[in-house]
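Chains as they are written, first to last, in numbering that gives the first Met the number 0: chain A, 0 to 293; chain B, 0 to 305; chain C, 0 to 322.
All residues carry an ideal CB built from backbone N, CA and C; glycine is no exception.
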Amino acid sequence: MAVTRADRLTVAWRSASINLQGMPVFPVAILVGLGLVAIFAGVLAPHSSEVGNLGERFKPPAWQQGGTSNFLLGTDHLGRDVLSRLMFGARVSIMVGLLAVVVAGTIGTALGILSGYMGRWVDQVIMRVTDTWLALPALTFAIFLAAVVGPSLWNIVIILSAVYWTRYARVIRGEVLSLKEREFVRLAIVAGCSKWTIMRRHILPNVLNSAIVLASLQLGVVIITEAALSFLGVGVPPPQAAWGLMLADGKKGLMAGYWWLTVLPGLCIMMMVLSANLLGDWLRVKLDPQLRQL
Amino acid sequence: MKTFVLKRIGYSLVSLCLLSLTIFLFVRLTGDPTVLLVEPGASREDMAMIREQLGLDRPLWEQYGTFVASAVRGDFGKSFYYRTPVLELYLSRLPSSLLLAAAAMTFSLIIGIPSGIIAAVSVGRFGDNAGKIFSLLGLSMPQFWVGLLLILFFSVYLGWLPSSGSGTVWHVIMPSFALGWYFAAAHMRLTRSSMLEVLGSEYVKLARLKGLPERRVIVKHALKNALIPVLTLAGINLILMVNAAVVVETVFAWPGIGRLLYEGITFRDFPIVQATVMIGGSMIVVVNLVVDVLYAVIDPRIRYVR
Amino acid sequence: MAPLLELRNLSTHYVSQRGTRVVKAVDGVSLALDAGETLGVVGESGSGKSTLALSILRLLPTAAANAGGEILFDGEDLLKKSAEEMRRIRGKRIAMILQDPMASLNPLFTVGDQVGEGLRVHEGTTKRRAWERATELLRAVRITAPETRVGEYPHQMSGGMRQRIVGAMAIACEPQLLIADEPTTSLDLTIQAQYLALLRDLQRDHGLGLIFITHNLGIVAKMCDRVAVMYGGRLVEFGPVRKIFDAPRHPYTRALLESIPRFGDSRQRLTAIGGQPPDLSALPLGCSFHPRCPDAVDQCRAEAPPETGVDAGHVSRCWVAPR
């Protein structure tokens, strides 16, 4: 029986989804790899990521004609080494992504629990704000905030947190509403526990799973938004290395055919987001089958 | 029914208030909003004069009042750069964004729905796995990168399509692809899961028990039910496409409201930025209201749930 | 006269993805049913009753497959039929009613459309004629004002009405055999009796063979001519209802009958059958009932008992049961 293309695709898919001791190998490996690169960028990077040599502008990657092994992945319009910039860019993406997701998750979960459990006017107020902010497209809102407070690395984290906490609040509130009806919560109330104790000891641990799954799914979105903001010029400010910024710079050389300035940074973004999404999918199935409709 | 509509309108009004309040407060958060609300490069005296003119030394609630009052009147200030009222500017660019969104939505549905159906019907086999890969790629590739790649390929290398501007059919192809790509993947995912759920339902089982041909079971019985959530999502996404196509419009220099926003932040033309967010947000709130009321009209069960 | 339906040693197994776990949902079941007769299939949840029904119609979920035996319907072995031939048999010659009437009806289509669909597909009836037939069928299942009802949607009707509509759908093409999988379980008690009467009348008027799957022995006593008792995927007793209810051979059948509370009973406590229904993927060796059987002996633990004829038309699977 001939091996059809369909069979090969299925085999490729199955091997890509290898689980080792339950964890999906490829996404975790990529994320860990990117993390290590980010941490050790200072040591690993062959050149400076911010200072360039104008005499070496627009050099193509080493394997193309005109490229040198000095600049493995080529240089940009200011003569800066692309490989080094990619490495330092990893640092920005990971840091901003993780921080924003953690802060947004914390705020969103806390408000979601409060809103769901306390009910009445607390719920009304928080939900109205959440719904309103959710109605605004994330990118538009983020741009507005960036225009108001000005771009900087920390501001980006704050802005992204402010935009994305609403996603958590909604979902967590829904969970809390159904948890409230469960036996063990009612027992705790009957036993005389205070609202805060119940929220802390009974509700919080039970919504943690959903929060984590949501966080992992949000990571990719946040990274793309940060890249978009940097691309538009209101994200990480130059001369720092950020993948979004590199794409913006890359656009300048696009019509001239300097493909590596566009393809490579985008590829990095895609790899990171893809891994985060795969990890998130796996976590979702593993931690809470009820959330499969997310 | 009337109570439902009134209640729903009430919610929307509250949302609009919160929206304007949010924007208002955030601007004033920075300490001295004059910096934002004044042309870059203005002198100190100019700034003091503008500050008085705009009433920035008045109490906060009074400022908010004027803010809302002018917004309701349609006065969102004047663009520094264009020197025309921002609302005019916004409305003149809106049709382009609508056109782009419509094209992108068509593309995303034409690709997304059939592939979702195929994936659901061939669960675990080739069609499904191919679909999974497609959806992962779609959700992981930033839209603007897709746009840049398209330009690289079709404009620079092949020279087939124009890389910027609008006007002909050729101009629309790449931007709508770039914009619609992500949503195609999202629609495919939802179609697949919705179809799977419906295919496992009792009435589909019974349809098969009745001896109906498989195609009829899928197209007549399963599909209609499965598409309901997909079309709902598509509706939500359409509005998103209109309002949030900033990066795609920037990459392709497409003259829509997204590009307007980009100009606003690049040229530090704050009235444009503020107005775009206000108008865009209000538009979404109103559209949500209309959709909710329409749903209630169509499906009587909804009226009593709230 | 040859039976309408005859199962010979039918087996259906569920196999897990890696082929490691095999669940013998139906294991070597043999029974027979004549035209115009009603057969009751009784057992606890998980005994394999529903799988048996789906096996006859060959509409099993992907994880399950036929593992041997024959299904003789009107003399022909259904297991040898192609997919297309089976499709033409379903709905037209063998029909089925499911348990939950709300879930069985497609919420987006009118009652008339769904009832007439079988006619349009199997007999090429025109839309208009199918609509008229649907109205007649609704009348036949005793739905009032069928002319208006036929244009309505499922959610506009009560549970009892929906189950009648499902019944109308089933008899639309005048099938020879009707399988009803717990059709009254989700209905109110008062409606159950009416529905059962309806089914009996329909059977008499159309000469249907009826297989009634239930866990309710009272219904079996009222409705059925023969009864098949299933346990752990196997048929443990099969034969005429009167005979078996008067003198059950198999300990499980006996226990089932004894557990029904009766008026005027002097006992204080309800008798239940001790233990739990078996895990079909890990059946005990020998007779699957022996862990819960009050009469079990060593042979029961070692070897699965074969079918033993008690007398004409009555079989049971038990080492200990008296002949």
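- What does a CB cutoff of less than 7 Å around B:L160 pick up in its chain, not counting 5 residues either side in sequence? F153, S154, W169, I172 and M173
- Would you mind reading off the limits of the beta strand (DSSP E) that contains C:V25? V21 to L32
- Message: Considering only the alpha carbon of each residue, which of A:A255, A:N154 and A:L286 lies closest to A:D75?
- Response: A:A255
- Query: Which residues in the same chain as C:I178 place their Cβ atom closer than 6 Å to its Cβ, once the five residues preceding and following it in sequence are excluded?
  - Reply: A52, M95 and I210
- Message: Taking the beta carbon of C:N105 as the centre, do at least 16 other beta carbons fall within 10 Å, making it buried, or is it exposed?
- Response: buried
- Query: Counting only beta-carbon atoms, is B:F153 nearer than 9 Å to chain A?
  - Reply: no
- Would you check if the segment 264-273 of chain B and the segment 227-243 of chain B touch, i.e. whether three or more CB-CB distances between them fall below 8 Å? no
- Query: Is the CB-CB distance between A:G107 and A:E225 below 9 Å?
  - Reply: no
- Message: In the DSSP output, which residue or residues are listed as bridge partners for C:A74?
- Response: Reading off the sequence, residue 74 of chain C comes out as Gly, not Ala. None; C:G74 has no bridge partner.
- Query: Hey, C:V296 and C:P250: beta-carbon distance below 9 Å or not?
  - Reply: no
- Item | Below-9 Å beta-carbon distance, C:G117 vs any chain B residue | yes
- Item | Cα-Cα separation, B:G166 to B:L99 | 12 Å
- Task: Quick one: residues in its chain with C-beta nearer than 8 Å to the C-beta of A:V101, no 5 flanking neighbours on either side, listed in chain order?
- Result: A214
- Which residues in chain C sit within 7 Å of B:Y202, going by Cβ to Cβ distance? A102, S103, L104 and N105
- Kindly say whether B:P228, judged by its beta-carbon, lies nearer than 9 Å to any beta-carbon of chain C. no
- Task: Measuring only between beta-carbons, confirm whether C:V140 sits less than 9 Å from chain B.
- Result: no
- Does DSSP put C:S81 in a helix, in a strand, or in coil? coil
- Message: What does the Cβ neighbour count give for C:A64, buried or exposed, with the cut at 16 atoms within 10 Å?
- Response: exposed
- Item | Any C-beta of chain C under 9 Å from that of B:R214 | no
- How would you call B:Y294, buried or exposed, if buried means at least 16 neighbouring beta carbons within 10 angstroms? exposed
- chain C within 9 Å of B:K131, Cβ atoms only: no
- Would you mind reading off the limits of the alpha helix (DSSP H) that contains B:G146? Q142 to L149
- Task: Can you have a look at A:F183 and say buried or exposed, based on whether 16 or more other CB atoms are within 10 angstroms of its CB?
- Result: exposed
- Residue range of the unbroken alpha helix (DSSP H) whose run includes B:H186: V168 to L198
- Query: Opposite C:P290 in the DSSP bridges: which residues?
  - Reply: Looking at the DSSP assignment, C:P290 forms no beta bridge with any residue, so it has no partner.
- Message: Can you pull the chain A neighbours of B:S14, defined as C-beta to C-beta under 8 Å?
- Response: R127, D130, T131 and A134
- Query: Straight-line CA distance for B:A47 to A:L133?
  - Reply: 37 Å
- Message: Looking at the secondary structure, which residues open and close the alpha helix (DSSP H) in which B:I227 lies?
- Response: K223 to N242
- Task: Using the Cα positions of B:G199 and B:Y89, report the straight-line distance between them to the nearest angstrom.
- Result: 48 Å
- Message: What are the residues in the segment 198-225 of chain C lying within 7 Å of chain E by C-beta distance?
- Response: Included in the structure are the protein chains A, B and C, with no chain E among them.
- Item | C:E100 versus C:G158 - alpha carbon distance | According to the sequence shown, residue 100 of chain C is Pro rather than Glu. Rounded to whole angstroms, C:P100 to C:G158 spans 7 Å at the Cα level.
- Query: With a Cβ-Cβ cutoff of 9 Å, do A:L300 and B:V246 count as a contact?
  - Reply: Residue 300 of chain A falls outside the range modelled here, since chain A spans only 0 to 293, and no answer is possible.
- Query: What residue from A:I197, A:R169 and A:P60 has the CA that sits closest to A:S83's CA?
  - Reply: A:P60
- Neighbouring residues, chain B, relative to A:W258 (Cβ below 7 Å): L151
- If we cut at 9 Å on Cβ distances, does C:I70 have a partner in chain B? no
- With a threshold of 16 other CB atoms inside 10 Å of the CB of C:Q202, please say whether the residue is buried or exposed. buried
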